[in-house]
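Same order as they appear, the protein sequences are chains A and B. Its first residue numbered 5, the first sequence is counted upward by one per residue in the numbering used here. Its first residue numbered 1336, the second sequence is counted upward by one per residue in the numbering used here.
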Amino acid sequence: MAKAMTQKAAPGLGLDADLARKLLRDMLLIRRFEEKAAEAYALGKIGGFLHLSIGEEAVAAGATSVLRPDDYAISTYREHGHCLIKGSDPRRVMAELFGRVDGLSKGKGGSMHLFDKEHNFLGGHAIVGAHLPIAAGVGFAIKYRGGDQVVLCYFGDGAVPEGEFHEALNLAALWKLPVIWLCENNRYAMGTSLERALAQTEIWKFGETYGIPSEPVDGMDVLAVRAAVGRAVERARRDKTPALLEVRTYRFRGHSMRDPAGAVYRTKEEVEREKLRDPILLFRDRVLKPGVLSEDDVKKIEKDVNDLVDEAVAFADASPEPPASELFTDIFKESA
Amino acid sequence: MAKLNMVKALNLALMQEMERDPDVLVIGEDVGVDGGVFRVTEDLHRTYGSKRVIDSPLAEAGIIGASIGMALYGLKPVCEIQFSGFAFQCFHQIENHAARYRNRSQGRFHVPMVIRMPYGGGVRALEHHSESEEQFYAHIPGLKMVIPSGPRNARALLAAAIRDPDPVVFFEHKALYHAHKEDVPDESETMEIGRARVVREGDDLTLVAWGGMLRVAREAAETLEQEDGVGSDVIDLLTVAPLDRETIVRSVNKTGRVVIVHEAPRSFGPGAEIAASIMDGAFLSLEAPIARVTAHDVPFPGFAREKANVPDVARVVAAARDTLAY
């Protein structure tokens, strides 16, 4: 039986203008940033692959809004949004996508490997499911040192059939680690639908298997994400208990820029239908109608975000490529 | 100073490093309450408790992946993979994560961890319990691959590996665990990783070996000395990667003849890289083709046939004589 998805914000997470502004701004930042990244990719400024999370912005914005700066986040290859909202400078993220020396990792990591130590962002990871045990280890280390931070581990529905999903959930449950397992279920592992990949498509139920709190969450509703992650974070901080959240979302674009339409494995009608639940439009309506924010507030947020992203692109464009000598650095600790 | 076998010497290193640094912890399958299949972690649990000596479930990718997470946070995990043949379950964590975080993150994150694995044949086991896979790890940029050959250097190298800021794969030859005892100083001792040692000197031939094959090379050198009057440099590699090319090249420039001995299969094994390094550095000194005595290009056989696969003294002596007669 399907569990009722969380629809409403929990008490104490009331929506004031500041919070509304922040959540809307964060979601818009991800969207504009990725739209610009897509343009840059089309112009050949970004090499390799580029995976956009357009449509999924409520997840990063809602989840990160209940984290402290000293909490950790670790993610997949679709992580631009997670990294930006954790606090990374959009200019340095864009420069990393461009492979430039002012990127977060001097252009060495690229789109799928964003790392930001200052903001406790422990990286994007390109191998599906492989970062879950690492998240467990960070949770272990926090507990070992007696800290009260938590680890927010993002992964997709495509990671669930991987063995390491199960190893990591077992370890976190067994050792009682403060890890929030956040599954961004966008229903397709590249082109393979959930139903074609999983014997158990209600992903949150795996939490029951491992005896940890778990629930499905409406990932198009930023307040629902905020509330569910908020509960999990509070519990993790207090009791060192992991949780599994199946956040149901949808990517409006293809798996990567090589699959721009994503139209072979899903119908156009389905995509159009899901776009009616665009998390940004939903939230904008929600804050405009009761007057939490005015039209002018929203316009100002949009302008600020556009300026920030334009500045990020200009910064990345102006940054040089890493010097050839960088090829040989950061393999081992350099001798003094 | 105490006479210790390699198991006790490794245990001493773990005890002392845990005492020295509260961030050092030990994790693996049955390393705690049970004390480990080969007893290397015996008494650690009793001494340091469940917080620092962690019995993990059977989950190799989980052990290595979680240890990487611990290391990113600043802890220094020493993981045990019960047999090196089991490590394919976690190979991608080692290859794709442990070895690459420093580079991928522009040096902002690094992974100070040690992955201990018993390896090697000669213990009447089979396949996964007898293989030598050092070449896989030596091939990975960002990893160090260390293989001690006896109690004293095992203790010193393990201590050095634990203090190293980068990930170290540490192979322990099963046949050496109880093979012999050596004097091991009571006080803490380390050896530099990346340095080979010349453990016997001679002018006619160079023998290069490591781990379980060092004993074979030394005995071959002794036979050649006694029966043929041939003097050999015997080089104990100790670290397979990064390779100490300088020590090897210096010796071959003196002797002009070399036999490389390893327990891994021949093709694309460490011997090939060592031979190429000798060609680069000592080509004009060579008096004979570089010889390799290795396991054959076959899956590790069952115990009835393992002696036919792993190099022995007779094969090394025969190869050396061919080289000397060339």
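Even for Gly, the Cβ is constructed at its ideal location relative to N, Cα and C.
Residue i - partner residues in DSSP beta bridges
i, result
"residue 1542/B", "1569/B, 1594/B"
"residue 222/A", "252/A"
"residue 185/A", "157/A, 248/A"
"residue 197/A", "192/A"
"residue 1574/B", "1481/B"
"residue 1450/B", "1414/B, 1504/B"
Buried or exposed by the 16-neighbour rule on C-beta atoms within 10 Å, applied to residue i
i, result
"residue 60/A", "buried"
"residue 277/A", "exposed"
"residue 287/A", "buried"
"residue 1640/B", "exposed"
"residue 140/A", "buried"
"residue 102/A", "buried"
"residue 1602/B", "exposed"
"residue 200/A", "exposed"
"residue 1574/B", "buried"
"residue 331/A", "exposed"
"residue 15/A", "At residue 15/A, the pLDDT of 41 sits below 50, so the modelled position is not reliable and the matter cannot be decided from this model."
"residue 1548/B", "buried"
"residue 1384/B", "exposed"
"residue 328/A", "exposed"
"residue 1515/B", "exposed"
"residue 1644/B", "buried"
"residue 1447/B", "buried"
"residue 167/A", "exposed"
"residue 299/A", "exposed"
"residue 1393/B", "exposed"
Helix, strand or coil at residue i according to DSSP, with G and I counted as helix
i, result
"residue 1502/B", "coil"
"residue 1389/B", "strand"
"residue 1433/B", "helix"
"residue 1405/B", "helix"
"residue 1363/B", "strand"
"residue 1461/B", "coil"
"residue 1398/B", "helix"
"residue 1421/B", "helix"
"residue 1339/B", "strand"
"residue 1516/B", "coil"
"residue 1629/B", "strand"
"residue 336/A", "coil"
"residue 1548/B", "helix"
"residue 1411/B", "strand"
"residue 76/A", "strand"
"residue 1468/B", "coil"
"residue 1605/B", "helix"
"residue 1532/B", "strand"
Test item: CB-CB of residue i and residue j under 8 Å
i, j, result
"residue 284/A", "residue 245/A", "no"
"residue 25/A", "residue 292/A", "no"
"residue 1363/B", "residue 1415/B", "yes"
"residue 226/A", "residue 27/A", "yes"
"residue 237/A", "residue 44/A", "no"
"residue 186/A", "residue 218/A", "no"
"residue 41/A", "residue 34/A", "no"
"residue 1608/B", "residue 1578/B", "yes"
"residue 1340/B", "residue 1513/B", "yes"
"residue 1628/B", "residue 1650/B", "yes"
"residue 337/A", "residue 1441/B", "no"
"residue 1565/B", "residue 1647/B", "no"
"residue 1467/B", "residue 1598/B", "yes"
"residue 113/A", "residue 100/A", "yes"
"residue 67/A", "residue 229/A", "yes"
"residue 1494/B", "residue 1352/B", "yes"
Proximity test, residue i beta-carbon vs the ligand ZN heavy atom, cut-off 7 Å
i, result
"residue 110/A", "The model depicted lacks the ligand ZN and carries no ligand whatsoever."
Within-8 Å CB hit, residue i to chain C
i, result
"residue 1443/B", "Note that chain C does not occur in the displayed structure, where the protein chains are A and B."
Spell out a yes or no on whether the stretch 1423-1430 of chain B and the stretch 1391-1411 of chain B are touching, meaning 3 or more CB-CB pairs, one atom from each, closer than 8 Å. Yes: at least three Cβ pairs fall under 8 Å.
Between the stretch 266-273 of chain A and the stretch 204-212 of chain A, can you find at least three pairs of beta-carbon atoms closer than 8 Å? Judged by Cβ distances under 8 Å, the stretch 204-212 of chain A makes no contact with the stretch 266-273 of chain A, as fewer than three pairs qualify.
Indicate whether the contact test is met: 3 or more Cβ pairs, each with one atom in the stretch 1538-1553 of chain B and one in the stretch 1590-1600 of chain B, closer than 8 Å. Contact between the stretch 1538-1553 of chain B and the stretch 1590-1600 of chain B is present: 3 or more CB-CB pairs across the two stretches fall below 8 Å.
Taking 8 Å as the cut-off, does the stretch 172-185 of chain A touch the stretch 83-98 of chain A (at least 3 CB pairs, one atom from each stretch)? Touching, no, given that fewer than three Cβ pairs across the two stretches are closer than 8 Å.
Count the CB pairs spanning the stretch 1445-1459 of chain B and the stretch 1507-1518 of chain B that are closer than 8 Å, and state whether there are at least three. Touching, per the Cβ criterion.
Report yes or no: do three or more beta-carbon pairs, one from the stretch 1484-1495 of chain B and one from the stretch 1434-1445 of chain B, lie closer than 8 Å? Proximity of the stretch 1484-1495 of chain B to the stretch 1434-1445 of chain B falls short of the contact definition, fewer than three beta-carbon pairs being nearer than 8 Å.
Spell out a yes or no on whether the stretch 1614-1621 of chain B and the stretch 1644-1658 of chain B are touching, meaning 3 or more CB-CB pairs, one atom from each, closer than 8 Å. No, they do not touch.
Would you check if there are 3 or more beta carbon pairs closer than 8 Å linking the stretch 1373-1385 of chain B to the stretch 1401-1412 of chain B? Taking a contact to require three or more Cβ pairs closer than 8 Å, the stretch 1373-1385 of chain B and the stretch 1401-1412 of chain B do not qualify as touching.
For the structure I just gave you, are there three or more beta carbon pairs, one from the stretch 122-138 of chain A and one from the stretch 152-160 of chain A, closer than 8 Å? At 8 Å Cβ cutoff, the stretches touch.
Three CB pairs or more closer than 8 Å across the stretch 63-83 of chain A and the stretch 109-126 of chain A: Touching, yes.
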